[in-house]
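Taking it in order: structure first as structure tokens, then the write-up.
Residue numbers (the working numbering): 3 to 537.
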């Protein structure tokens with residue numbers, strides 16, 4: 003009786019002792035599998051006094067001791083009643099006791115569970131002995147030899163023919179691009195694509211070879227009973243994740259079908275938008291009050307809107323979208339985008355206002371701050387202006403929206419742009435004469451209009467002069483620097499012809515001799531005198 007009590011103390015806790023309730027947290031502590039040669043026979047439940055892992059290890063030790071004690075191909079299993087449950091003996095040796103706690107965990111009757119465990123133990127002992135016979139070991143060695151021969155043969159083909167296969171693929175790609183290269187002269191692109199594809203094929207072949215070696219090693223270890231648990235562990239590390247992935251793909255087939263439908267509908271809508279705006283750009287039909295330079299940005303905005311709506315509908319069907327990791331990654335991306343793109347978003351919004359508010363069009367000559375030039379391109383982020391000095395100036399759209407923009411090309415009332423400049427003339431000169439000379443200078447400037455006629459304004463009565471402003475209209479605002487230059491030249495010429503001194507911009511006193519040219523300059527004479535002096 004003492005021996006039985008000692009065995010039971012090592013095998014299971016008393017039914018009368020308190021048993022913690024099974025939960026998800028303590029399930030791994032109070033339940034453990036009995037594993038023989040990598041095969042799980044059944045699970046046992048432990049207690050706080052005897053954890054399940056220790057109890058399972060003791061059962062495994064007893065099974066191995068019984069199985070290794072004989073080479074017989076038969077085994078005798080008994081089930082005996084015990085005060086703690088049903089004791090199972092194999093070849094006269096106690097192996098385990100099936101307790102009521104085990105039956106409660108399995109949710110079946112105690113007698114049924116004991117019978118199932120007895121059958122599992124009998125099969126495990128017979129299998130253990132059969133796998134360790136001389137015939138079984140010869141078969142294992144033969145299987146390992148076959149796997150090794152197959153692996154070495156494939157290794158020989160891989161190491162010997164791999165480079166040749168990569169060259170064949172690369173050559174096929176190069177031949178595929180020959181026709182394209184002849185038309186586009188893109189030799190570097192063809193070679194680059196062929197090299198990339200060859201590199202990808204080489205990497206894929208090495209990955210396949212590593213998988214082949216992995217499974218070869220696993221199958222060789224699987225052939226021998228002693229190394230079978232290691233082989234099953236190796237297979238679990240790779241095969242189980244692959245199987246889980248394949249099963250996840252199968253489970254997501256309905257969602258993939260929905261994603262395919264959303265993608266197909268989105269593609270059809272985008273094709274329709276492209277056809278609509280293409281016809282609009284080619285003038286097949288017109289939209290009232292819709293300017294031509296709006297076509298490209300409107301098409302882009304429509305495409306972005308359609309894609310965003312499609313992503314919103316597709317989001318719930320994306321694999322892993324309901325996981326916390328995916329949602330956290332999405333939140334992180336949103337925060338990074340919002341923090342790092344304030345300037346980008348402001349420029350984009352400003353670009354839309356610049357495009358659609360009609361204040362500036364491509365080809366207009368504008369002045370933004372101290373920059374004057376022709377608008378070459380209006381992008382979503384910036385506006386490109388070619389200055390009068392043939393410089394390409396990039397102005398952020400946010401600056402363009404918040405700055406004062408002077409459009410020198412846009413016609414307002416049909417009369418054109420009013421060109422003006424100021425000169426200061428002494429009080430001793432008759433104002434009518436001064437006004438007549440300024441109007442004459444404006445009429446001599448070919449780019450200024452004769453009608454409406456030029457006119458003169460008195461802008462200031464200064465200390466020593468009257469400031470006269472000549473005003474004239476022009477329809478060629480894009481040539482404003484040249485027009486002002488011609489006007490200034492004609493003013494100086496007319497005033498010199500009438501012996502009138504211009505006192506602008508600063509005056510200190512009347513000189514003894516008026517600062518007027520005494521004779522006209524003869525360019526040809528000057529060249530002649532220069533050549534004589536050099537001779």
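Glycine included, each C-beta is placed from N, C-alpha and C at the ideal position.
Residue 80 counts as exposed, since fewer than 16 other beta carbons sit within 10 angstroms of its beta carbon. Per DSSP, reduced to three states, the secondary structure at residue 504 is coil, with no helix or strand assignment. Around the beta carbon of residue 456, a 10 Å sphere encloses 16 or more other beta carbons of the protein chains shown; the residue is thus reported as buried. Residue environment for residue 89: buried (at least 16 other C-beta atoms within 10 angstroms of its C-beta). Nearest neighbour of residue 390 by Cα position, chosen from 483, 288 and 223, turns out to be 483. Within a 10 Å sphere around the beta-carbon of residue 439 sit 16 or more other beta-carbons, which makes this residue buried. For residue 34, the enclosing beta strand (DSSP E) begins and ends at 33–38.
Under the three-state reduction of DSSP, residue 473 is assigned to strand. Residue pairing by DSSP leaves residue 230 without any beta bridge partner. In the three-state scheme derived from DSSP, where H, G and I count as helix and E and B as strand, residue 164 is classed as helix. Looking at the backbone, the Cα of residue 289 and that of residue 282 are separated by about 8 Å. If you draw a straight line from the Cα of residue 70 to the Cα of residue 154, it comes to about 36 Å.
About 5 Å separates the Cβ atoms of residue 496 and residue 443, confirming a contact at the 8 Å cut-off.
Counting C-beta pairs closer than 8 Å gives three or more between the stretch 131–143 and the stretch 221–241, which meets the contact rule. In the assembly as shown, residue 405 is an exposed residue. Its beta-carbon has fewer than 16 other beta-carbons within 10 Å. Where residue 370 is concerned, the enclosing beta strand (DSSP E) starts and stops at 367–370.
By the Cβ criterion, the stretch 42–59 is not in contact with the stretch 83–97, since fewer than three pairs of Cβ atoms, one from each stretch, lie closer than 8 Å. Between residue 305 and residue 277, the beta carbon gap of about 13 Å keeps them out of contact (Cβ cut-off 8 Å). Along the length of the stretch 201–268, whole alpha helix (DSSP H) runs at least 4 residues long occupy 230–253, reported in chain order. The stretch 252–267 and the stretch 161–171 do not touch, with fewer than three beta-carbon pairs separated by less than 8 Å.
Of the other Cβ atoms in all chains shown, 16 or more fall within 10 Å of the Cβ of residue 44; this residue is therefore buried. At least 8 Å separates the beta-carbon of residue 202 from that of residue 176.
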